[in-house]
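Participant:
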Amino acid sequence: MGNIKLKSEVFSILKDKIKLIQTEEDRAIYLVGPIRLPVNLYNETVEFQWYCWLNYDEVTEDYERIIENLSSSNLAEYQQSSVLVYGDFKNADDALIRMHSICHTGDIFGSKRCDCGFQLKQSMKKIKEHGVGAIFYLANHEGRGIGLFSKAMAYLLQENGYDTVEANESLGFVNDSRNYNDAIQVLKALRDKPVTLITNNPKKLEALKDAGLLLSGRVPLWGDVSEFNKKYLKTKIEKSGHLRDEEGTCSND
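Counting in the working numbering, the sequence shown runs from 822 upward without gaps.
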């Protein structure tokens, strides 16, 4: 499929919903939104504002050109990340945020090998109850950055006695290769006031602090411990440095 020529009506609808965020690597992040997104959250309909972003190798404010090129760029071959915003995220004094790494098996299928799906829904619930916040859903973080196919092979190794870290390293990967730079750039574009991070992972706190973001605190997130994920959660604490909650329950992030 080649490039299309946009109708003026189509571009008039989209042009004010796109924002250029230029990165230090001379690439561009194109942020589109907000988009009304009513969500079923524990049997209650809650309306969020949804944004999606695209990391692209062309830096331009000619948004019409970018849109016209989308159909020939085969974007389905790689995933784009997004952010789900609740409340007056830009102006509120206090906001909760979650940097959530995609988990195909946990978020979509409800896998009990991790508690990622539980964490995602709990974060949305906490943000709704708090009144203001955002979920940054990071699509290139599958398996701590190794990708879905490699994660499947890591799971096979785990079924044969390897822990999470051992499995990843045996496949030639580091323990955790996730990068938060794009998400941080988008966060800065949406808000310049302090945020409270929902996490058990000190590396996420460090990434935000290193980027000069103002942090007002941390909210731990643990639960959904089962016979299927006890070893996984224990490894997160013992080998990945995740912060144990006050009650001593294993945490996963």
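From the three backbone atoms N, C-alpha and C, an ideal C-beta is built for every residue, glycine too.
For my contact list, ILE918 and ALA955 are in at a C-beta cut-off of 8 angstroms; report their separation, rounded to the angstrom.
Facilitator: Contact holds; Cβ gap of about 5 angstroms.
Participant: Mapping DSSP to helix, strand and coil, what is PHE957?
Facilitator: Note: PHE957 maps to strand in three-state DSSP.
Participant: Could you round the C-beta distance between LEU1042 and GLN940 to whole angstroms and report it? I think they count as a contact, below 8 angstroms.
Facilitator: Yes, they are in contact, since the Cβ atoms of LEU1042 and GLN940 sit about 5 angstroms apart, within 8 angstroms.
Participant: Taking 6 angstroms as the limit between beta carbons, can you name the residues of its chain near VAL853, skipping five residues before and five after?
Facilitator: Counting only Cβ-Cβ distances below 6 angstroms, and skipping sequence neighbours, we find LYS838, ILE839 and CYS873.
Participant: Is LYS1075 buried or exposed, if buried means 16 or more other CB atoms sit within 10 Å of its CB?
Facilitator: The structure shown does not extend to residue 1075, since the chain spans only 822 to 1074, so no value can be given for it.
Participant: Please state if the CB of TYR958 and the CB of VAL904 are separated by a distance shorter than 8 angstroms.
Facilitator: A contact, by the Cβ cut-off of 8 angstroms.
Participant: Between ASN1022 and SER829, what straight-line distance do the alpha-carbon atoms span, to the nearest angstrom?
Facilitator: One C-alpha to the other measures close to 46 angstroms.
Participant: Quick one: measure Cβ to Cβ for LEU1011 and LYS911, integer angstroms, because I've assumed they're closer than 8 angstroms.
Facilitator: The Cβ separation is near 6 angstroms, so the contact holds.
Participant: If you draw a straight line from the alpha carbon of ASP914 to that of ASP1013, how long is it in whole angstroms?
Facilitator: Each residue's Cα considered, the two are about 10 angstroms apart.
Participant: Flag this pair as touching only if the segment 871-891 and the segment 925-937 have three or more C-beta atom pairs under 8 angstroms; answer yes or no.
Facilitator: No: fewer than three Cβ pairs fall under 8 angstroms.
Participant: Output the boundary residues of the beta strand (DSSP E) element that contains LEU841.
Facilitator: That run of the beta strand (DSSP E) goes 839-843.
Participant: For GLN979, collect the residues of the same chain with a Cβ closer than 6 angstroms to its Cβ; drop the 5 residues on either side in sequence, then sort them by chain order.
Facilitator: The answer, listed in chain order, is ALA988.
Participant: Answer with buried or exposed for ALA1004, where buried requires no fewer than 16 other C-beta atoms within 10 angstroms of its C-beta.
Facilitator: Classification for ALA1004: buried.
Participant: Tell me the rounded alpha-carbon separation between TYR851 and ILE967.
Facilitator: One C-alpha to the other measures close to 24 angstroms.
Participant: From what residue to what residue does the alpha helix (DSSP H) around TYR877 run?
Facilitator: Segment 865-877 is the beta strand (DSSP E) holding TYR877; no alpha helix (DSSP H) there.
Participant: Report all residues from its chain with a CB closer than 6 angstroms to the CB of GLU868; omit the five preceding and five following residues, and keep chain order.
Facilitator: Answer for GLU868: PRO859, listed in chain order.
Participant: Is ARG999 buried or exposed, if buried means 16 or more other CB atoms sit within 10 Å of its CB?
Facilitator: Buried is the call here.
Participant: So who's on the other strand from ARG857, going by DSSP bridges?
Facilitator: Paired residue(s): GLN870.
Participant: Please report the distance separating the alpha-carbon of LEU1018 from that of SER971.
Facilitator: Approximately 29 angstroms, taken between the alpha carbons.
Participant: Where VAL831 and TYR983 are concerned, what is the direct C-alpha to C-alpha distance, given to the nearest angstrom?
Facilitator: Cα-Cα distance, rounded: 52 angstroms.
Participant: Nearest CA to the CA of GLU963: which residue from GLY952, HIS951 and TYR976?
Facilitator: If we check each option's Cα against that of GLU963, TYR976 comes out closest.
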